[in-house]
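J.:
Numbering (this note's numbering), first residue to last: 624 to 747.
1) For the stretch 721-740 against the stretch 659-679, are there 3 or more C-beta pairs whose distance is under 8 Å?
2) Can you look up residue 723 in the DSSP assignment and give me helix, strand or coil?
3) Pull up the distance between the alpha-carbon of residue 747 and that of residue 670, whole angstroms please.
4) Pull the bridge partners of residue 661 from the DSSP assignment, please.
5) Straight-line CA distance for residue 637 to residue 665?
6) In or out: residue 740 buried (at least 16 other Cβ within 10 Å) or exposed?
7) Are there 16 or more other CB atoms within 10 angstroms of the CB of residue 728, so buried, or fewer, so exposed?
8) Between the alpha carbons of residue 698 and residue 733, how many angstroms are there, rounded?
9) Where in the stretch 632-704 do unbroken runs of the beta strand (DSSP E), each at least 3 residues long, occur, reported from the N-terminal end onward?
10) With burial defined as no fewer than 16 other Cβ atoms inside 10 Å of the residue's Cβ, what is the status of residue 709: buried or exposed?
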């Protein structure tokens, strides 16, 4: 399966999805002009991955900020991962900057909605 690599811009996040390396990351800022269009290749890649996943998937969310429309797309990403978790081990690593309680509480809200193991990691 070919990796999906999208480098970050000022308004869009870095996306690194590489099943062979076991790298699953969405990072930086997510406020694209059209979030549905931006995240479409992510959904397609993840849906293909669900058909032939690794034994374990650890997905890193290391976002500094995301807007409301991105929040909806991130929910869709997490719902795909929840579907994957029915058959394999899936863990979400939710990173937040020290004292960024908004990002922490966003992750905690997702953890209540989505039945996947979440770990919250503070970083400088």
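Ideal Cβ positions, reconstructed from N, Cα and C, are used throughout, including at glycine. Values in this document were obtained by computation on a predicted structure and should not be read as measured data.
T.: Let me lay it out:
1) no
2) coil
3) 33 Å
4) DSSP, once it has assigned bridges, lists no residue as partnering residue 661.
5) 11 Å
6) Exposed: under 16 other Cβ atoms inside 10 Å.
7) exposed
8) 7 Å
9) 637-641, 646-653 and 679-689
10) Exposed.
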